[in-house]
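See below for the structure under consideration.
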Ligand code: NAD
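Residue numbers (the numbering used here): 24 to 321.
Printed below as a string of structure tokens:
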């Protein structure tokens, strides 16, 4: 299969590399030359533009930061032409970015009018899952569209869930990330309290991991430096999921809660804490750096 892959950041690059390793022809593109050079070094073909990347593609996959980037790419805006006009009729578009469900639905409608299948398939599992090819995909689209996408998703992920019609993948994703944002703060708070009392963060983390407080951060993504060798916390909070991306997702969950009149007080509090952390200059660091807000002398 010929695949165009747009957006080669922390997540997109390893996902594109896994498709290449699985034997697909991948034509990749990113606005960042550094990102392009990284995948080129792994043997992928780099296209000169997004329009160039989609020429002759059976499938197009995008992994971009936010709603505005996805809408701008496919529907055009400013000086950018609409990419949908360059995608072959009958091709499949899989957008794995985390964006507003309403944006996925808007792009899907325009895609249908252009004779292109569009599904939302946001992911969970972090950069580690992207590299290992064990991501969880949450798909919004029809049964037939999901079955078309499945062989590609299986090369990048280990769990594929059909959340519902287009946009439903995004709704599932923001529910999950609201929980993740909250649990990272709770985990950070507990570790910071233990350390302030003289406990060893590794010992405390292991006790909680095997107790009723056990969670994904304690399993794989400890916010305290040195507990998990491969976690962003042990790499000066680089290489993971940016604070500003978490802030975006918590904004999406709060907008959604307002729209459906749901009560999400902890999601609102988490958004406020990540916003304060970002304003303090940590927006580009991994979101687990939120522990700095809570540490004694931190
Ligand atoms: P990132 O900022 O590392 O990468 C985004 C890339 O998109 C950048 O390289 C940027 O240059 C590129 N880009 C932006 N606009 C473009 C355009 N018009 N054309 C081509 N390239 C363009 O972000 P990331 O961490 O890879 O996250 C991507 C998406 O996945 C986000 O929506 C994020 O919320 C979601 N996500 C991230 C993680 C994670 O752990 N990092 C986990 C799950 C989901």
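Every residue gets a Cβ at the ideal spot worked out from N, C-alpha and C, and that includes glycine. In this text, all values refer to a predicted model and were calculated from it rather than measured experimentally.
Other residues of its chain near residue i: CB distance less than 7 Å, five sequence neighbours each side excluded
i: residue 148; result: 157, 158, 159
i: residue 187; result: 163
i: residue 93; result: 85, 87, 118, 120, 122, 126, 130
i: residue 36; result: 58, 61, 62
i: residue 249; result: 257
Supposed close pair residue i, residue j - CB separation, criterion 8 Å
i: residue 207; j: residue 240; result: 5 Å
i: residue 126; j: residue 72; result: Incorrect: roughly 22 Å between the Cβ atoms, too far for contact.
i: residue 215; j: residue 236; result: Between residue 236 and residue 215 the Cβ distance is about 14 Å, and since that is not below 8 Å, they are no contact.
i: residue 27; j: residue 77; result: 4 Å
i: residue 34; j: residue 153; result: 5 Å
Same chain only: Cβ atoms within 6 Å of residue i, ignoring 5 sequence neighbours per side
i: residue 161; result: 145, 184, 186, 192, 195, 196
i: residue 269; result: 204, 297, 310
i: residue 112; result: 138
i: residue 181; result: 157
Boundaries of the beta strand (DSSP E) in which residue i is found, first to last residue
i: residue 47; result: Element bounds for residue 47: n/a, residue is neither H nor E.
i: residue 209; result: That residue, residue 209, is in no beta strand (DSSP E); its alpha helix (DSSP H) goes 191 to 219.
i: residue 183; result: 180 to 187
Span of the alpha helix (DSSP H), counted from its first residue to its last, around residue i
i: residue 300; result: 288 to 300
i: residue 27; result: Segment 25 to 29 is the beta strand (DSSP E) holding residue 27; no alpha helix (DSSP H) there.
i: residue 274; result: 266 to 283
i: residue 225; result: 224 to 232
i: residue 240; result: 239 to 243
Spatial neighbours of residue i in its chain, beta-carbon cut-off 8 Å, leaving aside the 5 residues before and after
i: residue 96; result: 29, 73, 85, 87, 103, 106
i: residue 321; result: Reliability fails at residue 321, whose pLDDT of 48 lies under 50, so the model's placement of it is uncertain and the value that follows must be treated cautiously. Closer than 8 Å at Cβ, skipping near neighbours: 215, 314, 315.
i: residue 79; result: 25, 111
- Item | Cβ contact (3+ pairs, closer than 8 Å) linking the stretch 164 to 183 and the stretch 254 to 273 | no
- At which residue ranges does the stretch 131 to 169 contain complete alpha helix (DSSP H) runs of 4 or more residues, listed in the order of the chain? 149 to 155
- Residue ranges of each alpha helix (DSSP H) within the stretch 55 to 115, 4 or longer: 56 to 63, 73 to 77, 90 to 98
- Item | Touching by the beta-carbon criterion (3+ pairs, under 8 Å), the stretch 299 to 317 and the stretch 279 to 287 | no
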